[in-house]
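Here the structure comes first, spelled out in structure tokens, and everything after it is commentary.
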Amino acid sequence: MELELLSKQYFLGVPKSVSLKVEHTNIHDGTLNIDGYKHSMVQIISLIIALKSSVIIKNPPLVSDTYVYIAIINELGGVAELRNNMLYVDARGICHHNIPMLLGQMIHGSMYLCPALSVALGEFTYYGSGGCQIGDNEANNSRPIQHIMEVLSKFGVHISFAEKCISGKMCPVENIDEIDIMSFSTDAHTLSGPLVGGATKTALILAVNKERFVIKNAYLKTDVMDMLRFLDSIGKNVEIIGPDIIIQGAVKRNIVYETPFSLTQCISEIITYSILCLASGKKVRFLNLNRTTIERSLAPEFSLFKQMGVVTVWQGTDLIVYAPTKINSIDIVVQPSTIQSDHHPFFALLLLFGQKQVTLTEYVWKDRFKYIENLQKMGAIINVNGNQITITPSELKKYEGNLPALDVRSAAVTLVASIVSRSHVDIIDAHHIFRGYSRLKQNMQELGIELVCDIS
18 MELELLSKQY FLGVPKSVSL KVEHTNIHDG TLNIDGYKHS MVQIISLIIA
68 LKSSVIIKNP PLVSDTYVYI AIINELGGVA ELRNNMLYVD ARGICHHNIP
118 MLLGQMIHGS MYLCPALSVA LGEFTYYGSG GCQIGDNEAN NSRPIQHIME
168 VLSKFGVHIS FAEKCISGKM CPVENIDEID IMSFSTDAHT LSGPLVGGAT
218 KTALILAVNK ERFVIKNAYL KTDVMDMLRF LDSIGKNVEI IGPDIIIQGA
268 VKRNIVYETP FSLTQCISEI ITYSILCLAS GKKVRFLNLN RTTIERSLAP
318 EFSLFKQMGV VTVWQGTDLI VYAPTKINSI DIVVQPSTIQ SDHHPFFALL
368 LLFGQKQVTL TEYVWKDRFK YIENLQKMGA IINVNGNQIT ITPSELKKYE
418 GNLPALDVRS AAVTLVASIV SRSHVDIIDA HHIFRGYSRL KQNMQELGIE
468 LVCDIS
């Protein structure tokens, strides 16, 4: 119901006020099925558009952003629809290079339509993106776009900047056969900063029709790994050698790929529900996961869990997370090669249950600390100093009142903290959480938590 109403907001332009609160809590051990990772879906859709192909995505996230993508694809001339909880995307008819302005500005991932349309149609017009504004304070929290345009330029796309839009026209460069992502890092010796992921993904989209291409020092997280699986499934020879990606061969010329593609399950939902259960002293089992990709993508998170005393056990493709009797306190550094920036708020919350004061240092989104004020109102002792926070073990206390969502992860960590502290909180602007969490109410019910969403 929430997604149906929120999608009407997108299509009719009717403003909505969305709030979320916990109606009842009796949290217990639980078993969860997790839908596909939204960030992976964004990239697979971009590849489908670039190839002007037709693909079924078997397990799309049922989030509001998915409905926006469906509308964008249809406005571009393609056909997209959800049917039996599968996403059918037919990009063969795409013929418009203007990314719909209002729809594009509702989601962050619309920037990846720039490389996709450059490959498919040879040009694009882009009016900006939306989504979570987690950029640096000095940039008014806007997320960067220049690195996307720089990669496009390296592939021969001529970029033009106007007052309200950016346009690109493809003039192919035949001799580009590699790109080094380290040139987008804020550190000359290791991948650092917010640009390396977007640069890697943009290069993969633009190189889709090249016979051979090398991405040096690539960002190798879940969405990129899913892009590589998809490219492999349509005929590309994909190798990962150390930090480099090597892609060779041509795609299969059949532009209708009938075997549904399964996204890796949402790693951020896995971390969110794990932290909720760990902070509550409960066990959670995640069913039928893409173990190979998740083990690699979440290796830094699993390593931190182990150091903190948390036991994770694989039983086939099921993952079980057990709560320890105590949480070990550790310092955490967030880099593109360590835990995902999306996950740091949840680790910060868990460290409140530790034994000593520790620090968490953020090198991706250096000002990503909007959520802290919400936690402080529930008793958390966390202090901010530049791109580092100091976390002092502290007991979460019951709080009554309204708290702002601010962005997807801020909304989710506020919800988790309110459950653990048994607070009576109305999370306002809660539409953010429905952009990133599929079947939220259903999964919370599986853990003994009843949520009420008010849309007015």
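Numbering (this note's numbering), first residue to last: 18 to 473.
Glycine included, every Cβ here is placed at the ideal spot set by N, Cα and C.
Being a predicted model, the structure only gives us computed values, none of them experimental.
Cβ-Cβ distance between R160 and M242 below 9 angstroms: By one-based count along the sequence shown, residue 160 stands at place 143. By one-based count along the sequence shown, residue 242 stands at place 225. For R160 and M242, no; Cβs fall outside 9 angstroms.
Sequence-distant residues of its chain with Cβ nearer than 7 angstroms to S202 (five each side left out): Residue numbering aside, residue 202 sits at position 185 when the sequence shown is read from its first letter. Correct list, in chain order: L208, S209, G210 and V213.
Could you name the residues of the same chain whose beta carbon sits closer than 7 angstroms to that of P421, not counting the 5 residues immediately before and after it, in chain order? Here residue 421 is taken as the residue at index 404 of the sequence shown, counted from 1. Only I445 and D446 meet the Cβ criterion.
Of the residues H56, G259, E286 and L248, which one's Cα is nearest the Cα of V268? Stepping through the sequence shown from its first residue, residue 268 is reached at position 251. The residue from H56, G259, E286 and L248 with its alpha-carbon nearest to that of V268 is L248.
CB-CB under 7 angstroms to P353, same chain, minus the five flanking residues each way: which ones, in chain order? Mapped onto the sequence shown, residue 353 falls at position 336. Cβ within range, chain order: L208, S209, V213, G214, Y236 and V381.
Give me the residue from K383, D107, M395 and E417 with the minimum Cα distance to G403. One-based indexing of the sequence shown puts residue 403 at position 386. When each option's Cα is compared against that of G403, the closest is K383.
Please classify H175: does DSSP put it in a helix, a strand, or coil? Counted from its first residue, the sequence shown places residue 175 at position 158. Of the three classes helix, strand and coil, the one that applies to H175 here is strand, per DSSP.
Own chain partners of N460 with C-beta closer than 6 angstroms, once the 5 adjacent residues on each side are dropped: Walking along the sequence shown from the start, residue 460 turns up at place 443. For N460, where only same-chain residues beyond five positions count, the Cβ hits under 6 angstroms are L49.
Pairing CB atoms from the segment 416 to 433 with CB atoms from the segment 390 to 399, are three or more of them under 8 angstroms? yes
With DSSP as the reference, label V168 as helix, strand or coil. Here residue 168 is taken as the residue at index 151 of the sequence shown, counted from 1. Helix at V168.
Alpha carbon of L130 to alpha carbon of P341, nearest angstrom: Position 113 of the sequence shown holds residue 130. Position 324 of the sequence shown holds residue 341. For L130 and P341, the distance between alpha carbons rounds to 44 angstroms.
Which residue marks the beginning of the beta strand (DSSP E) containing F451, and which one marks its end? Taking the first residue of the sequence shown as position 1, residue 451 is located at position 434. Taken as a continuous stretch (DSSP letters only), F451 belongs to no beta strand (DSSP E), being part of the alpha helix (DSSP H) at H448 to G453.
For M166, which residues from the same chain have a beta carbon less than 6 angstroms from its beta carbon, with the 5 sequence-adjacent residues on both sides left out? Reading the sequence shown from its first residue, position 149 is the one you call residue 166. I176.
Is DSSP giving R313 helix, strand or coil here? As a working note, residue 313 is residue 296 in the sequence shown. In the three-state reduction of the DSSP assignment, R313 falls in the helix class.
Could you tell me which of N305, L457 and E195 sits nearest to E228, measuring between CA atoms? The sequence position of residue 228 within the sequence shown is 211, counting from 1. Relative to E228, the option among N305, L457 and E195 whose CA is nearest is E195.
In terms of residue numbering, what span does the beta strand (DSSP E) encompassing Y143 cover? The residue given as residue 143 occupies position 126 in the sequence shown. From DSSP, the beta strand (DSSP E) with Y143 extends over E140 to Y143.
Using the beta-carbon count (16 or more within 10 Å), is A224 buried or exposed? Stepping through the sequence shown from its first residue, residue 224 is reached at position 207. So A224 counts as buried.
Any contact of the segment 95 to 109 with the segment 59 to 78, i.e. 3+ C-beta pairs under 8 angstroms? Touching, per the Cβ criterion.
Determine the DSSP secondary structure at S53, reduced to helix, strand or coil. Mapped onto the sequence shown, residue 53 falls at position 36. In the sequence on display, residue 53 carries Gly and not Ser. Reduced to three states, the DSSP call for G53 is strand.
Kindly give me the distance between the Cβ atoms of I472 and V35, rounded to whole angstroms, as I take these residues to be in contact under 8 angstroms. Mapped onto the sequence shown, residue 472 falls at position 455. Mapped onto the sequence shown, residue 35 falls at position 18. That belief holds up - the Cβ atoms of I472 and V35 are roughly 5 angstroms apart, short of 8 angstroms.
Assign V442 to one of two classes, buried (16 or more other C-beta atoms within 10 Å of its C-beta) or exposed (fewer than that). For the purposes of this step, residue 442 is identified with residue 425 of the sequence shown, where counting begins at 1. Classification for V442: buried.
Nonlocal neighbours in the same chain, by C-beta distance under 8 angstroms from G95, ignoring five residues either side: Working through the sequence shown from its first residue, we reach residue 95 at position 78. Contacts found: I66, V106, D107, A108, R109, G110 and I111.
Looking only at its own chain, which residues have a Cβ that is under 8 angstroms from the Cβ of E40, when we skip the five neighbours before and after it? Residue 40 sits at position 23 when you count from the first residue of the sequence shown. So the list reads E467, L468 and V469, once near-sequence residues are dropped.
So, is R100 buried or exposed, given that buried needs 16 or more other C-beta atoms within 10 angstroms? On the sequence shown, residue 100 is found 83 positions in, with the first residue counted as 1. Classification of R100: exposed, given that the 10 Å Cβ count is below 16.
What's the gap between the Cα of S135 and the Cα of F363? Numbered from 1 along the sequence shown, position 118 holds the residue referred to as residue 135. Numbered from 1 along the sequence shown, position 346 holds the residue referred to as residue 363. So the two alpha carbons sit approximately 37 angstroms from each other.
Return the CA-CA distance between S320 and G465, expressed in angstroms with no decimal places. Indexing the sequence shown from 1 puts residue 320 at position 303. Indexing the sequence shown from 1 puts residue 465 at position 448. Between S320 and G465, the C-alpha separation is close to 28 angstroms.
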